[in-house]
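J.:
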Ligand code: MG
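Residue numbers (the numbering used here): 215 to 862.
(1) At which residues does the alpha helix (DSSP H) containing residue 836 begin and terminate?
(2) Would you check if the segment 497-516 and the segment 306-325 touch, i.e. whether three or more CB-CB distances between them fall below 8 Å?
(3) What does residue 564 pair with, by DSSP beta-bridge criteria?
(4) Could you spell out where the alpha helix (DSSP H) holding residue 772 opens and where it closes?
(5) What is the rounded straight-line gap between the Cα of residue 219 and the Cα of residue 367?
(6) Enumerate in chain order the residues of its own chain whose CB-to-CB distance from residue 781 is below 6 Å, with the five nearest sequence positions on each side excluded.
(7) Distance check for residue 446 and residue 452, CA to CA, integer angstroms please.
(8) Helix, strand or coil, according to DSSP, for residue 381 in the structure here?
(9) For residue 389, which residues from the same chain have a beta carbon less than 7 Å from its beta carbon, with the 5 sequence-adjacent residues on both sides left out?
(10) Can you tell me whether residue 810 is buried or exposed, with buried defined as 16 or more other CB within 10 angstroms of its CB?
(11) Pull up the distance between the alpha-carbon of residue 464 and that of residue 393, whole angstroms please.
(12) Is the closest heavy atom of the ligand MG to the C-beta of residue 271 under 6 Å?
(13) Give a single yes or no on whether residue 325 has its beta carbon closer than 6 Å to a heavy atom of the ligand NAP.
(14) Using only CA atoms, which one of 565, 583, 571 lies nearest to residue 606?
(15) Terminal residues of the continuous beta strand (DSSP E) containing residue 312?
(16) Could you pull out every unbroken alpha helix (DSSP H) segment of at least 4 residues lying fully inside the segment 605-642, listed in chain order?
(17) Alpha carbons only, please: which of 716, 279, 439, 338 is nearest the one belonging to residue 756?
(18) According to the neighbour-count rule (16 or more other Cβ atoms, all chains shown, within 10 Å of its Cβ), is residue 396 buried or exposed?
(19) Spatial neighbours of residue 853 within its chain, please: CB distance less than 6 Å, with the 5 preceding and 5 following residues excluded, ordered by chain position.
(20) Measure the C-alpha to C-alpha separation of residue 707 and residue 670 and round it to an integer number of angstroms.
(21) If we count Cβ pairs, one from each stretch, closer than 8 Å, do we get three or more for the segment 643-654 versus the segment 789-805?
(22) Let me check you understand the geometry: is the CB of residue 648 closer than 6 Å to at least one non-hydrogen atom of the ligand MG?
(23) Considering only DSSP beta bridges, list what residue 791 is partnered with.
(24) Run the CB neighbour count on residue 225, radius 10 Å, all protein chains shown included, and call it buried at 16 or more, exposed below.
(25) Does DSSP classify residue 827 as helix, strand or coil?
(26) Can you tell which of 371, 761, 346 has the C-alpha that lies nearest to the C-alpha of residue 549?
(27) Distance, Cα to Cα, residue 270 vs residue 263?
(28) By Cβ distance, which residues of its chain are closer than 8 Å to residue 285, with the 5 residues on each side in sequence left out?
(29) Report whether the distance from the Cβ of residue 267 to the nearest heavy atom of the ligand MG is below 6 Å.
(30) Rounded to whole angstroms, what's the CA-CA distance from residue 682 to residue 358? Just pull it up for me.
(31) Take residue 838 as the anchor and find which of 583, 786, 690, 314 has the nearest alpha-carbon.
(32) Whole angstroms is fine: what's the gap from residue 658's alpha carbon to residue 584's?
(33) Between residue 791 and the rest of its own chain, which residues show a CB-CB distance below 8 Å, the 5 nearest in sequence each way excluded?
(34) Three or more C-beta pairs closer than 8 Å, one from the segment 762-779 and one from the segment 685-697: is that the case here?
(35) Are residue 826 and residue 265 close, meaning C-beta to C-beta below 7 Å?
Right, dumping it as structure tokens:
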């Protein structure tokens with residue numbers, strides 16, 4: 215794939231960007247593709263709602279991205295992963311209401327098309343975030359839960375009796391599991407939870423059941439003579455004493471009006487006594503309903519209360535693709551694929567799939583089978599469009615490498631979370647010499663499932679505490695982490711703000727790890743989408759793009775210089791990693807080789823100067839570096855958290 219790329223002033227400029235180049239040599243290396251191409255595949259993850267605001271309404275938007283393509287190009291980006299751009303109720307977009315419509319807060323369909331086209335002029339691909347595990351509660355969902363004859367009825371994981379249906383293996387979404395790995399059942403909006411009218415209640419505490427019957431018999435007054443059993447229903451505090459009619463048998467006929475159902479209690483005081491409720495499902499008139507006092511969930515009425523399953527919160531009902539082996543035949547799959555066709559045909563060149571662990575509830579074989587069907591379907595659309603090569607598709611399986619490697623049976627690419635978890639641990643411990651071996655171990659696991667795997671390496675993302683935070687807000691460590699990312703094998707993803715050294719944690723809300731780009735020293739940032747939750751102390755003048763543009767040795771300058779090097783040298787861009795073993799425990803050392811070219815990569819993970827002897831390697835052709843680097847004969851001195859790449 216051709217990547218148009220302007221290396222501004224050849225490698226002299228590249229070398230000039232390297233700080234503290236104390237060895238005095240001037241690199242005189244001709245890049246493999248001196249002026250025309252980006253050789254690498256650097257992706258940039260951006261939150262559309264907080265990246266750049268073109269119209270000043272406080273929301274980042276699609277036009278804002280188009281206006282900043284030069285910035286992304288200068289980072290060496292060859293692809294942008296956009297947070298979901300379809301209509302949604304939330305700011306983050308992961309509760310999609312209509313998969314075929316652009317969220318008007320973010321722009322229009324023509325804005326999106328313009329972004330695709332303008333990005334292509336810089337050879338930057340657009341990747342859409344595609345949410346397959348669940349949708350929002352849009353028209354599909356409202357229709358599905360309001361009528362058994364809805365054409366969308368099969369799209370969701372619905373049950374009138376979840377406990378029984380799961381036990382009977384009827385819930386395809388669980389992929390054979392009896393309990394979900396994550397998530398819970400909720401009563402569907404629009405369902406009839408409550409009841410208004412006359413009912414007879416009979417509680418049998420011997421069998422621990424309640425039987426509710428519709429009746430025309432006369433209603434009774436509450437038993438106020440020391441009852442042992444109470445009904446709770448309706449408005450807060452509404453309770454009625456029942457009559458003892460046998461040993462541990464209690465009955466009453468009542469006119470009730472409740473919008474949530476009822477509970478059976480042994481006290482008139484909510485906080486004392488025992489509350490007996492249900493365990494999912496609702497009563498069927500005339501049939502005993504099993505009482506449960508461990509969860510005491512509300513007991514709802516009749517067959518009209520439908521439950522739905524949601525892996526995440528109740529605003530995001532799980533989609534249902536039926537038995538996994540035939541998922542592509544399900545109506546939900548076909549509808550989602552039709553939407554994906556629209557965007558792929560418009561020019562989208564990749565999809566990032568959200569939460570793939572949970573499509574079939576953490577069942578690896580089921581999920582991989584589903585994902586292969588989804589990939590093949592979308593790739594056939596891409597091929598029919600005339601797309602070059604294959605469609606890119608990366609899955610978010612938020613787990614350690616060993617637990618997700620088999621997902622490569624279904625997808626060409628997966629995010630490598632273990633990569634970052636390992637890297638931050640090693641940087642914070644000042645221990646670099648097992649890093650290459652560990653990365654190679656990840657790759658070996660992937661390779662056993664797919665020979666042409668694309669290892670999507672990353673630091674933090676929008677669901678994790680910021681890399682900068684994990685590195686103690688230490689700029690030297692942040693620069694090192696960026697340099698390591700951009701010299702490792704695989705496909706690096708840079709997360710919005712990482713290149714500026716952002717920090718932030720999820721403790722005050724996810725918004726704090728999704729902060730806007732501060733473009734100028736004094737300008738405002740789009741914060742409406744983030745409900746105003748921005749850390750203004752972090753978003754200081756000095757962290758802005760404007761300030762870092764002007765500052766030699768800024769975090770941004772390191773990302774740019776290593777991005778340029780990765781795009782200019784095929785060994786860095788596409789190379790195979792080989793560990794170089796040395797005694798110094800602080801230094802991570804490896805080679806990258808591709809098509810006859812080899813580079814030596816060296817990083818000092820510690821806070822003190824490292825001195826190593828490298829008689830078998832050439833140290834006179836330094837391609838890019840960060841920090842203090844001094845090569846003298848076969849001796850290499852690397853200052854604290856410093857990095858260098860040498861052509862062999
Ligand atoms: Mg805007």
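The C-beta atom is built at its ideal place from N, Cα and C for all residues, glycine as well.
T.: Straight from the coordinates:
(1) Run containing residue 836: none in the alpha helix (DSSP H); it sits in the beta strand (DSSP E), 836-840.
(2) With a cut-off of 8 Å, the segment 497-516 and the segment 306-325 do not count as touching, because too few Cβ pairs lie within range.
(3) Residue 564 is bridged to 341, 606.
(4) Note, residue 772: alpha helix (DSSP H), 769-782.
(5) Reliability of the predicted coordinates at residue 219 is poor, the pLDDT of 40 falling under 50, and no value is obtained from them.
(6) Exclusion of the five residues before and after residue 781 leaves 219, 252, 253, 254, 290 as the residues of its chain whose Cβ lies within less than 6 Å of its Cβ.
(7) Between residue 452 and residue 446, the C-alpha separation is close to 6 Å.
(8) Secondary structure at residue 381: helix, using DSSP grouped into helix, strand and coil.
(9) Closer than 7 Å at Cβ, skipping near neighbours: 538, 574, 575, 577, 580.
(10) Exposed, since its Cβ has fewer than 16 Cβ neighbours within 10 Å.
(11) Our two residues, residue 464 and residue 393, have alpha carbons roughly 34 Å apart in a direct line.
(12) Residue 271 has its CB nearer than 6 Å to a heavy atom of the ligand MG.
(13) Only the ligand MG can be found as ligands here, which leaves the ligand NAP out of the picture.
(14) Nearest in C-alpha terms to residue 606, of all of 565, 583, 571, is 565.
(15) Counting along the chain, the beta strand (DSSP E) containing residue 312 begins and ends at 310-316.
(16) Complete alpha helix (DSSP H) runs here, min 4: 615-618.
(17) Of the listed residues, the one whose Cα sits closest to residue 756 is 716.
(18) Label assigned to residue 396: exposed.
(19) The answer, listed in chain order, is 823, 841, 842.
(20) Answer to the nearest angstrom: the Cα atoms are 7 Å apart.
(21) By the C-beta criterion, the segment 643-654 is judged to be in contact with the segment 789-805, since at least 3 inter-stretch pairs fall below 8 Å.
(22) No, Cβ of residue 648 sits at least 6 Å from all heavy atoms of the ligand MG.
(23) For residue 791, DSSP records a beta bridge to 806.
(24) Unreliable placement is indicated for residue 225, whose pLDDT of 39 sits below 50; the coordinate value is still reported in the next sentence. Classification of residue 225: buried, given that the 10 Å Cβ count is 16 or more.
(25) Residue 827 carries a strand assignment under DSSP once its states are collapsed to helix, strand and coil.
(26) Checking every option, the nearest Cα to that of residue 549 belongs to 346.
(27) Going from the Cα of residue 270 to the Cα of residue 263 covers about 12 Å.
(28) Same-chain partners within the cutoff: 759.
(29) For the ligand MG, at least one heavy atom lies less than 6 Å from the Cβ of residue 267.
(30) Between residue 682 and residue 358, the C-alpha separation is close to 44 Å.
(31) The shortest C-alpha separation from residue 838 is found at 786.
(32) So the alpha carbons of these two residues sit roughly 24 Å apart.
(33) For residue 791, where only same-chain residues beyond five positions count, the Cβ hits under 8 Å are 650, 653, 654, 657, 702, 703, 804, 805, 806.
(34) Put simply, the segment 762-779 touches the segment 685-697. At least three CB pairs are less than 8 Å apart.
(35) Between residue 826 and residue 265, the C-beta gap is not smaller than 7 Å, which leaves the two residues out of contact.
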